[in-house]
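Line by line, the protein sequences give chains B and P.
When the letters of the first sequence are read in order and numbered with the numbering used here, they come out as residues -8 to 78.
When the letters of the second sequence are read in order and numbered with the numbering used here, they come out as residues 2 to 172.
Ideal Cβ placement from N, Cα and C applies to all residues, glycine included.
Everything below concerns the one structure shown next.
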Amino acid sequence: MGLIQRSIEAAGIVTISVSLSKTITAKVLPPRALDFGFPLGHPIAFPGQVSLQLRVLRLLLKYLKEINTPGTIVEIDLTGNDNLTIT
Amino acid sequence: MALRQKKDKFIANLLTKYPRLLDKWIQKSEFIEFNDSPWTQLEREVNQCRVTLITSGGVHLKSQTPFNMTDPAGDPTFREIPANISPSDLTITHNYYDHSDADKDINIILPLERIQDLKQSDDIGDVNHRHFSFMGHIMHHHIDTLMKDTAPNVAAKLKSDKVDIAILTPA
């Protein structure tokens, strides 16, 4: 996913992705990524959780604007408010 | 289903269910590494932007050719997904993660309906008329095809669509 993201961004389109493994994301280093701690197969939460799916997408759009350093991965704790770790 | 494909699905289910096993698999695996990232500055407000979705979750129309599960190195091709398609017209071909939940609600992999919701609520300006899907298990010589051919091809399509933002979801 990171390789595709890098290619899209390099073409002049602003990108953000969900990370399902911070270790892999830190190696491939896409421009912007959020890690919600979801398991494989669940980048946008779980079946039927419409409000959580919308919250995840809104956070992606929010950080699309807020991240200013290429290669940033933001860890987001969805159980809290703004308990974030930025690397 | 061939024995190797059954084994792939079994391992995928284990890695999905047990994150510690996934961590060990990652430690033993090799990934292309970079020291810097490409960068495009967002020049407009998000609520003025056209957005597309890109997934590597192996999503495709039931009428499209499935991703190739017989090549151990994966399949670097992509499928175009019309933005207004019904989830019932979609399926997933990808043996390298447990997609049983995504089979119940495609929005957890490709949030087709949620992105339309965000257009309705004016969080975004527009939804592009098409999204794109890859199959994320791409290895060896197919990485070159992905990086030099298929991913730039999708990027060119998005540029011609005047897309501002791409949201990418792995699987």
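Note the first and the last residue of the continuous beta strand (DSSP E) segment covering Pro83/P. Here the beta strand (DSSP E) through Pro83/P covers 79 to 83.
Check the Cβ of Ala35/B against every Cβ in chain P and list those closer than 8 angstroms, keeping chain order. A quick correction: the sequence has Ile, not Ala, at residue 35/B. Correct list: Asn108, Ile109, Ile110, Pro112, Arg115, Thr170.
Strand pairing of Thr56/P, partner residues [DSSP]: Ser134/P, Thr170/P
Tell whether a beta-carbon distance below 7 angstroms holds between Leu45/B and Ile7/B. no
Taking 7 angstroms as the CB-CB limit, is Asn74/B close to chain P? Model confidence at Asn74/B stands at a pLDDT of 48, short of 50, so the residue's coordinates are unreliable; what they give is reported in the following sentence. Not an interface residue.
If I follow the unbroken beta strand (DSSP E) through Ser8/B, where does it start and stop? Counting along the chain, Ser8/B sits inside the beta strand (DSSP E) bounded by residues 5 to 9.
To which residues of the same chain is Gly62/B closer than 8 angstroms at the C-beta, ignoring the five residues directly before and after it? Leu20, Pro21, Pro22
Take His227/P as the anchor and find which of Gln117/P, Lys105/P, Arg5/P has the nearest alpha-carbon. Absent from the structure is residue 227/P, since the part of chain P shown begins at 2 and ends at 172.
Looking only at its own chain, which residues have a Cβ that is under 8 angstroms from the Cβ of Ile166/P, when we skip the five neighbours before and after it? Leu43, Val47, Cys50, Arg51, Val52, Thr53, Ile125
Quick check: the Cα distance between Ser(-2)/B and Ala156/P, rounded to an integer number of angstroms? When the Cα atoms are used, Ser(-2)/B and Ala156/P turn out to be separated by approximately 7 angstroms.
Report yes if the CB atom of Pro34/B is closer than 7 angstroms to the CB atom of Val5/B, and no otherwise. no
With the cut-off set at 7 angstroms, would you say Val60/P and Leu111/P are in Cβ contact? yes
Under three-state DSSP, which class holds Val164/P? coil
DSSP on Ile33/P, reduced to helix/strand/coil? coil
Does the beta-carbon of Glu57/B have 16 or more other beta-carbons within 10 angstroms, so that it is buried, or is it exposed? exposed
When you check each C-beta in the segment -4 to 16 of chain B against every C-beta of chain P, which residues fall closer than 7 angstroms? Gln(-4), Arg(-3), Ser(-2), Ile(-1), Glu0, Ala1, Ala2, Gly3, Ile4, Val5, Thr6, Ile7, Ser8, Val9, Leu11, Ser12, Thr14, Ile15
Using alpha carbons as the reference points, say which of Lys10/P, Ile109/P, Arg21/P, Gly75/P lies closest to His138/P. Ranking the options by Cα distance to His138/P, first place goes to Gly75/P.
Would you list, in chain order, the members of the segment 127 to 147 of chain P that have their beta-carbon closer than 9 angstroms to a beta-carbon of chain B? Phe133, Phe135, Gly137, Ile139, Ile144, Leu147
Using beta-carbon positions only, say whether Thr146/P and Pro77/P come within less than 7 angstroms of one another. Contact: yes.
Quick one, are the C-beta atoms of Asp26/B and Lys13/B less than 7 angstroms apart? Taking 7 angstroms as the Cβ cut-off, Asp26/B and Lys13/B qualify as a contacting pair.
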